[in-house]
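Participant: Protein chains in written order, with full-length UniProt numbering: chain A, 1 to 296; chain B, 1 to 597.
Cβ coordinates follow ideal geometry from the N, Cα and C atoms, glycine included.
Sharing a structure below in structure tokens format, with a few things to ask.
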């Protein structure tokens with residue numbers, strides 16, 4: 001059916017790329033168990049596939065050390081049958097997820113204490129965008145793609161540049177990034193991602209009703225969204241991470257050449273190599289030198 | 001009343017020339033008592049106030065001594081000479097008040113206020129103003145009748161009100177009627193061939209204004225050459241000929257009677273005026289472009305006048321006028337408006353006044369004689385040489401301002417976040433488990449779900465309901481309440497009584513402060529007493545404001561105190577200034593009498 005040559009994509013056909021946070025460190029400490037989470041998400045994916053026959057779902061696992069595709073509805077065609085307890089698609093997804101978990105564990109190495117246990121969101125975002133680019137190039141007719149991040153792990157400031165790049169490329173190819181954050185703090189990355197790409201960001205208050213949130217907010221296709229009032233965030237956390245120490249900062253120094261962000265004054269831009277003048281505070285006498293003006 | 005009686009030293013004079021008897025003048029609410037110092041001298045006086053009709057007094061700064069002249073209802077008068085003007089002023093105010101009080105009984109609160117010798121019309125105007133404006137009336141009652149301000153002071157700041165009111169009384173100027181004079185239809189009696197035109201002064205003025213040639217002819221012929229009646233008969237004969245469209249007959253008549261010819265010929269004054277106007281038309285105006293809209297190529301603009309056929313005979317062209325000329329002239333005159341304002345009954349006077357006003361405008365016209373020069377300059381300025389012009393379409397970036405609410409919303413969220421940040425930071429993943437353990441537990445959940453299948457039901461109905469409620473609530477609040485309602489004023493949320501009180505206090509405070517600050521610098525003793533009076537009134541407001549604050553329910557108290565705060569600030573500033581000024585006076589001018597300059 002899906003491979004039929006004369007497939008006609010109406011404006012309500014979606015390609016949903018779901019980024020599933022499978023960071024074991026998060027799920028071992030979360031109030032919502034991974035079991036519950038999976039059960040909500042699998043039902044949600046099933047609903048999306050039943051909303052429209054041509055809808056397509058791709059699931060990417062965002063692990064701690066790696067990420068991988070664990071489900072693609074266009075390849076898995078045995079969706080009609082179930083083996084007694086759940087649809088076949090679910091069991092195949094779970095199978096893949098288990099394999100992914102093993103691989104992810106093998107990649108783990110000794111790490112210094114105190115590192116933020118974040119998941120590899122930048123990686124899965126890039127994979128999602130790559131997949132979408134492939135769909136774009138497959139022909140003139142394709143479903144309307146969107147990305148849904150189901151994230152619980154905290155932001156990894158070291159991924160800042162990679163994530164921002166992914167966000168901007170999503171913005172450029174008009175792919176909205178929806179995000180549903182289940183962790184304790186809100187995620188600045190996901191807020192910015194949804195804000196910049198015109199997606200929806202939501203942080204459910206009651207995680208027991210996750211399925212309801214997913215269905216109410218994230219199930220509607222992009223065309224129908226223009227008729228709906230979806231929850232709007234009260235504000236967006238626009239803070240950036242510095243490039244030098246990967247700290248989240250409110251105020252900092254910016255390279256006037258490449259716009260890299262630093263939390264303190266540097267002699268040279270670590271990104272583009274521009275040499276900065278001395279900061280005014282350090283050499284008030286040498287006032288002819290402009291602060292942060294590169295001399296390359 | 002501030003005081004029930006006044007006692008001052010004064011001299012009583014029966015006439016202005018009388019040197020006067022020195023003594024003590026005592027004014028009470030009922031009586032005027034004068035007791036001479038010398039008990040033997042005549043001139044003891046005991047008059048009841050109800051016999052006093054009004055008072056006059058000399059102005060400070062005039063070279064006359066401070067006299068107060070009280071007139072009684074038998075046209076007699078009592079003149080008192082005071083030692084200084086402040087005494088006079090004091091007594092004058094007292095008398096004014098007493099007279100006003102007695103006036104109140106006769107239900108005319110302000111008519112009997114005599115200290116300015118107001119005409120009855122002025123008084124009536126004031127009363128009318130007070131009646132029309134309840135706020136003003138309230139203020140008047142509050143300040144004038146409780147002695148904070150005198151009648152004169154109160155109105156001094158409202159001169160404009162009195163003036164504009166006076167202006168309004170001049171009647172609206174009438175313009176010309178928009179009906180054309182050619183519409184004056186002759187009436188026939190049906191039996192004889194007599195044709196009657198009805199002429200009113202109004203029509204005469206209109207004719208003069210629209211037909212300068214007739215106007216000129218009137219000025220030169222009447223009354224030397226012919227009477228007014230003959231003049232108008234001739235005029236209407238010409239008009240009649242014109243209306244019959246019989247240009248041959250008109251030409252014949254004109255040849256016979258040269259005065260009649262004047263009316264039939266094209267108006268040369270109008271023609272020269274038209275030429276002058278054409279010269280003033282913007283030279284860059286493309287008149288040819290407008291020609292398509294024009295009907296001038298059609299006889300009488302395509303409108304057949306009177307349904308009669310239009311004969312075009314070139315030799316008689318002179319005696320034909322076109323409808324367009326008539327309409328244009330009429331429109332111009334109506335728009336110009338009526339220039340003369342004289343009695344319309346005297347035709348001669350009207351004609352002269354009109355001539356005079358015309359002259360004025362024509363001299364004005366001559367004064368800008370270099371119009372031609374200007375016109376040439378304008379032509380050269382307007383004709384632009386396109387090759388030499390810079391490109392017109394400069395690059396521009398459209399200004400894009402997004403919904404400003406986004407900005408404020410995010411600011412609000414930032415504020416929320418910083419408060420919640422300290423909490424969140426500590427909640428970083430407390431991971432006591434080893435890597436193997438966490439992966440193990442993850443895989444365990446996966447195998448559980450594989451074995452058990454999906455939960456049934458996935459979400460409990462009550463939880464789903466909660467989620468719906470919360471979402472609907474948050475969507476509707478962000479939609480309707482954030483950054484909205486800038487129009488809802490704080491005042492509207494207050495109870496009506498409080499709102500009215502606050503507004504009234506504002507107006508009264510403004511009134512007081514206006515007088516207060518206008519009294520500085522204090523140069524006369526009069527201003528000094530006035531400032532003192534005002535200061536007392538100001539200090540009386542403080543407890544009232546406190547009372548308002550106390551009277552509102554607690555949830556509104558903050559709003560009210562926010563509103564009251566600027567009032568208090570304004571009052572504080574006044575009091576502060578008053579005290580500083582007082583201090584300066586007491587230290588700097590000890591030698592000056594009474595502490596004022």
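1) I need the straight-line Cα distance from residue 276 of chain A to residue 183 of chain A, nearest angstrom please.
2) Closest to residue 220 of chain A by C-alpha separation, out of A:24, A:22, A:45, would be which residue?
3) Taking DSSP's pairing of strands, which residues face residue 45 of chain B in a bridge?
4) Touch check for the stretch 157-177 of chain A and the stretch 24-41 of chain A: three-plus C-beta pairs under 8 Å?
5) Measure the alpha-carbon distance for residue 7 of chain B versus residue 498 of chain B and round it to whole angstroms.
6) Look up residue 28 of chain B in the DSSP assignment and say whether it is helix, strand or coil.
7) Are there 16 or more other CB atoms within 10 angstroms of the CB of residue 253 of chain A, so buried, or fewer, so exposed?
8) How about residue 191 of chain A and residue 464 of chain B: do their beta carbons lie closer than 8 Å?
9) Which partner residues of residue 142 of chain B appear in the DSSP bridge assignment?
10) Beta carbons nearer than 7 Å to chain B: which residues of the stretch 195-229 of chain A have them?
11) DSSP state of residue 468 of chain B, grouped into three classes?
12) Any chance you could list the alpha helix (DSSP H) runs of at least 4 consecutive residues sitting entirely within the UniProt domain "BSD" (191-243) of chain B, in chain order?
13) Since residue 16 of chain A is in the beta strand (DSSP E), which residue starts that stretch and which ends it?
14) Find the nearest neighbour of residue 20 of chain A within the set A:93, A:11, A:268, A:270, judged by alpha-carbon distance.
15) Report yes if the C-beta distance between residue 51 of chain B and residue 72 of chain B is below 8 Å; otherwise report no.
16) Beta-carbon within less than 6 Å of residue 271 of chain A's beta-carbon, same chain only, minus the 5 sequence neighbours each way: which residues are those?
17) Going by DSSP, name the residue or residues bridged to residue 146 of chain A.
18) Consider the Cβ of residue 441 of chain B: report whether some Cβ of chain A lies at a distance smaller than 8 Å.
19) Would you mind giving the Cβ-Cβ distance between residue 14 of chain A and residue 225 of chain A, rounded to the nearest angstrom? I have them listed as a contact below 8 Å.
20) Quick one: Cα of residue 51 of chain A to Cα of residue 123 of chain A, how far?
21) Would you call residue 23 of chain A buried or exposed, if buried means 16 or more other Cβ atoms sit within 10 Å of its Cβ?
22) Apply the 10 Å Cβ neighbour rule to residue 286 of chain A and answer buried if 16 or more other Cβ atoms are within range, or exposed otherwise.
23) Whole angstroms are fine: how far does the CA of residue 68 of chain B sit from the CA of residue 28 of chain B?
24) Out of B:197, B:329, B:222, which has the shortest C-alpha to C-alpha gap to residue 236 of chain B?
25) Rounding to the nearest angstrom, what Cα-Cα distance links residue 484 of chain B and residue 196 of chain A in this structure?
26) Just to confirm before moving on: does the CB-CB distance between residue 38 of chain B and residue 66 of chain B stay below 8 Å?
27) Taking all protein chains shown into account, decide if residue 160 of chain A is buried (16 or more other Cβ within 10 angstroms of its Cβ) or exposed.
28) Alpha carbon to alpha carbon, how far is residue 126 of chain B from residue 219 of chain B?
29) Identify, in the order they occur along the chain, each residue of the same chain with its Cβ nearer than 7 Å to the Cβ of residue 456 of chain B, setting aside the five sequence neighbours on each side.
30) Here's the rule: buried if 16 or more other CB atoms are within 10 angstroms of the residue's CB, otherwise exposed. What is residue 517 of chain B?
31) Measuring straight from C-alpha to C-alpha, what distance separates residue 10 of chain B and residue 501 of chain B?
32) Determine the contact status of residue 560 of chain B and residue 541 of chain B, defining contact as a CB-CB distance below 8 Å.
33) For residue 631 of chain B and residue 134 of chain B, what's the separation of their Cα atoms in angstroms?
34) Examine chain B for any beta-carbon lying closer than 8 Å to the beta-carbon of residue 34 of chain A, and answer yes or no.
35) Would you say residue 20 of chain B and residue 81 of chain B are within 8 Å of each other, going by their C-beta atoms?
36) Among the residues of its own chain, which have a CB less than 6 Å from the CB of residue 222 of chain B, if the five just before and after it don't count?
Facilitator: The short version:
1) 39 Å
2) Of all alpha-carbon atoms in A:24, A:22, A:45, the one lying nearest the alpha-carbon of residue 220 of chain A is that of A:45.
3) B:34
4) The stretch 157-177 of chain A is not in contact with the stretch 24-41 of chain A.
5) 44 Å
6) strand
7) buried
8) Taking 8 Å as the cut-off, the beta carbon of residue 191 of chain A is found no closer than this to the beta carbon of residue 464 of chain B.
9) Note: residue 142 of chain B sits in no beta bridge, so no partner.
10) 205, 206, 208, 209, 211, 212, 213, 216, 229
11) In this structure, residue 468 of chain B counts as helix in the three-state DSSP scheme.
12) As for any alpha helix (DSSP H) of minimum length 4 sitting wholly inside the UniProt domain "BSD" (191-243) of chain B, the runs are 201-210, 212-221, ordered along the chain.
13) 14-21
14) Checking every option, the nearest Cα to that of residue 20 of chain A belongs to A:93.
15) yes
16) 258, 260
17) A:16
18) yes
19) With 8 Å as the limit, residue 14 of chain A and residue 225 of chain A do not qualify as a contact, their Cβ atoms being about 10 Å apart.
20) 29 Å
21) buried
22) Here residue 286 of chain A scores only 39 on pLDDT, less than 50, and its place in the model is too uncertain to base an answer on.
23) 16 Å
24) B:197
25) Any reading at residue 484 of chain B must be qualified, since the residue scores a pLDDT of 46, below 50, and its modelled position is unreliable; the value itself is stated next. In a straight line, the C-alpha of residue 484 of chain B is about 24 Å away from that of residue 196 of chain A.
26) Against a cut-off of 8 Å, the Cβ pair of residue 66 of chain B and residue 38 of chain B comes out as no contact.
27) buried
28) A straight line joining the alpha-carbon of residue 126 of chain B with that of residue 219 of chain B spans about 48 Å.
29) none
30) exposed
31) 45 Å
32) no
33) The question about residue 631 of chain B has no answer, for chain B in this structure spans 1 to 597.
34) yes
35) yes
36) Closer than 6 Å at Cβ, skipping near neighbours: 228, 231.
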